[in-house]
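K.L.:
Structure incoming, see below.
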Amino acid sequence: MKSTLLVSLVTVFLVTVIVPLAADAQAGGSRDELEQMFANISQKTKWDTSKSLLWGYFFTSPSRQPLEIASSDLSKLGYRVVQIYLSDKENSKDPDKWWLHVERVEIHSVTSLLKRNAELSAFAERHGLASYDGMDVGTAPAVKK
């Protein structure tokens, strides 16, 4: 229930706050797009981007196996694996598209997020993945004491 609510909230945020990225844009967005995203977060949420937020990162592949290997390697780098899943198809003849979703609590600026996106794009290429598809952001979970 909580994860469904989180997915719903993140989806609403993505649709209403983050500037949609052009299909040919670099994964995660250009500097201008990220500057607009940070401005939108500042104007439309109560989130403090100078503090830790939960950043989700997404990768794709036509098969599951490369994503399983990538998820293990990303886990060793401190990312939490959320899930590997197969996209729904609009047409049964469409090729399979598998997704890997990982996340990590981090603090980002436009510059650091551009760097992270470049690192993850290079990671995807080294692992033979179809793409690093970008990121989303939400509030970090409360730390249990």
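For the sequence shown, our numbering gives the first residue as 7, with consecutive numbering after it. The beta carbon of each residue, even a glycine, is placed where N, CA and C say it ideally should be.
Would residue 149 be called buried (16 or more neighbouring beta carbons within 10 Å of its own) or exposed?
P.N.:
Position 143 of the sequence shown, counting from 1, holds the residue named residue 149. Result: exposed.
K.L.:
In this structure, does DSSP put residue 137 in helix, strand or coil?
P.N.:
Your numbering for residue 137 matches position 131 in the sequence shown. If DSSP states are grouped into helix, strand and coil, residue 137 belongs with the strands.
K.L.:
What residue does the alpha helix (DSSP H) around residue 116 start on, and which one ends it?
P.N.:
Your numbering for residue 116 matches position 110 in the sequence shown. Element bounds for residue 116: 116-132.
K.L.:
Determine the direct distance from the alpha carbon of residue 132 to that of residue 60, and round the result to whole angstroms.
P.N.:
The residue given as residue 60 occupies position 54 in the sequence shown. The residue given as residue 132 occupies position 126 in the sequence shown. Residue 60 and residue 132: Cα-Cα distance of roughly 25 angstroms.
K.L.:
Rounded to a whole number of angstroms, what is the C-alpha to C-alpha distance between residue 144 and residue 129?
P.N.:
Along the sequence shown, read from residue 1 onward, the residue named residue 144 stands at position 138. Along the sequence shown, read from residue 1 onward, the residue named residue 129 stands at position 123. About 23 angstroms.
K.L.:
From 46, 56, 78, pick the residue whose C-alpha is nearest to that of residue 118; which is it?
P.N.:
What you label residue 118 is simply residue 112 of the sequence shown in a count that begins at 1. That would be 56, whose Cα lies nearest to the Cα of residue 118.
K.L.:
Which same chain residues, not among the five before or five after residue 140, have their C-beta less than 8 angstroms away from its C-beta?
P.N.:
What you label residue 140 is simply residue 134 of the sequence shown in a count that begins at 1. So the list reads 27, 33, 34, 35, 63, 64, 123, once near-sequence residues are dropped.
K.L.:
From 46, 40, 44, 66, pick the residue whose C-alpha is nearest to that of residue 138; which is it?
P.N.:
In the sequence shown, counting from the first residue as 1, residue 138 sits at position 132. Nearest C-alpha to residue 138: 66.
K.L.:
Measuring only the C-alpha atoms, how far is residue 127 from residue 106?
P.N.:
Your numbering for residue 127 matches position 121 in the sequence shown. Your numbering for residue 106 matches position 100 in the sequence shown. Cα to Cα, residue 127 sits roughly 13 angstroms from residue 106.
K.L.:
To the nearest angstrom, how far is it from the Cα of residue 49 to the Cα of residue 43?
P.N.:
Along the sequence shown, one-based indexing puts residue 49 at 43. Along the sequence shown, one-based indexing puts residue 43 at 37. One C-alpha to the other measures close to 10 angstroms.
K.L.:
When we look at the beta-carbon of residue 76 and count the other beta-carbons within 10 Å, is it buried (16 or more) or exposed?
P.N.:
Along the sequence shown, read from residue 1 onward, the residue named residue 76 stands at position 70. Classification for residue 76: buried.
K.L.:
Grab me the residues of residue 83's own chain with a C-beta within less than 7 angstroms of its C-beta, minus the 5 sequence neighbours each way, in chain order.
P.N.:
In the sequence shown, residue 83 corresponds to position 77, counting from 1. Excluding positions up to five away in sequence, the list is empty.
K.L.:
Compare the Cα-Cα distances from residue 85 to each of 46, 112, 98, 95 and report the closest residue.
P.N.:
In the sequence shown, the residue the question calls residue 85 occupies position 79. The option with the nearest alpha carbon to residue 85 is 112.
K.L.:
Can you tell me the Cα-Cα spacing of residue 101 and residue 95, whole angstroms?
P.N.:
Translated into positions along the sequence shown, residue 101 becomes position 95. Translated into positions along the sequence shown, residue 95 becomes position 89. Rounded to whole angstroms, residue 101 to residue 95 spans 8 angstroms at the Cα level.
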